[in-house]
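Taking our numbering, the leading residue of the sequence shown gets 8, the next gets one more, and so forth. Glycine included, every Cβ here is placed at the ideal spot set by N, Cα and C. Everything below concerns the one structure shown next.
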Amino acid sequence: MPSEHTAVTMMADAVHNPAEPRHFMKLVPVPGRAAAKLPDGTTLAESENAFFAIEISRDFYPPVVYFPRPDVAVNLLKSDKVTHCPLKGDASYFSVREAGGSVKDMVWAYENPVSGAEALSDLVAFYPDRCVIQLEPA
Numbered sequence: 008m009p010s011e012h013t014a015v016t017m018m019a020d021a022v023h024n025p026a027e028p029r030h031f032m033k034l035v036p037v038p039g040r041a042a043a044k045l046p047d048g049t050t051l052a053e054s055e056n057a058f059f060a061i062e063i064s065r066d067f068y069p070p071v072v073y074f075p076r077p078d079v080a081v082n083l084l085k086s087d088k089v090t091h092c093p094l095k096g097d098a099s100y101f102s103v104r105e106a107g108g109s110v111k112d113m114v115w116a117y118e119n120p121v122s123g124a125e126a127l128s129d130l131v132a133f134y135p136d137r138c139v140i141q142l143e144p145a
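In structure tokens, the structure reads:
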């Protein structure tokens, strides 16, 4: 019979999934400058105040770079797509308008995150398979 685990990770400033204490996330400042660019070099966002979201559940998720909304350099067009994460809340999706058209649902944000994840409310993330994420050390 499998054992039941109810341990909570003892990590300072981590956000925990209330239904699964082994699912947690921590926001860590990016040390230096982060940028999201289209393959043609068009800057989507650039910031010295970006964060890595490091999320762990049954496995390690790849770190996600979140940018402050004021550092986004393009117009975001809100789409109808919404998904739910028990750790962060409901994600809204945005398309990016560019010279050649638009890239659908390239960006997501937790505009009204669940309790404990409020730090995400003014941040956005870009799908790394639809743009290039660049990191420059401080």
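Next on the checklist: Give me, in chain order, the residues of the same chain whose beta-carbon lies closer than 8 Å to that of MET8; leave out the 5 immediate sequence neighbours on both sides.
Outcome noted: Since pLDDT at MET8 reaches only 42, below the 50 mark, its modelled position is unreliable, and the value read off the structure follows with that caveat. A distance below 8 Å between beta-carbons, with the five flanking residues on each side excluded, links MET8 to no residue of its chain.
Checklist entry - Can you give the Cα-Cα distance for PHE31 and LEU127, rounded to whole angstroms? => result Going by the C-alpha atoms only, they are around 14 Å apart.
Next on the checklist: Using only the alpha-carbon positions, how far apart do TYR100 and ASN119 sit?
Outcome noted: Answer to the nearest angstrom: the Cα atoms are 13 Å apart.
Item to check | Extent of the continuous beta strand (DSSP E) run through LEU51 | outcome: 50-54 is the span of the beta strand (DSSP E), which, as asked, contains LEU51.
Checklist entry - When we look at the beta-carbon of LEU142 and count the other beta-carbons within 10 Å, is it buried (16 or more) or exposed? => result LEU142 should be labelled exposed.
Item to check | Residues of its chain near ILE61, where Cβ-Cβ distance is below 7 Å and the 5 sequence neighbours each way are ignored | outcome: Only MET32, LYS33, VAL35 and PRO70 meet the Cβ criterion.
Item to check | Residues bridged to ALA98 [DSSP beta-bridge criterion] | outcome: Looking at the DSSP assignment, ALA98 forms a beta bridge with THR90.
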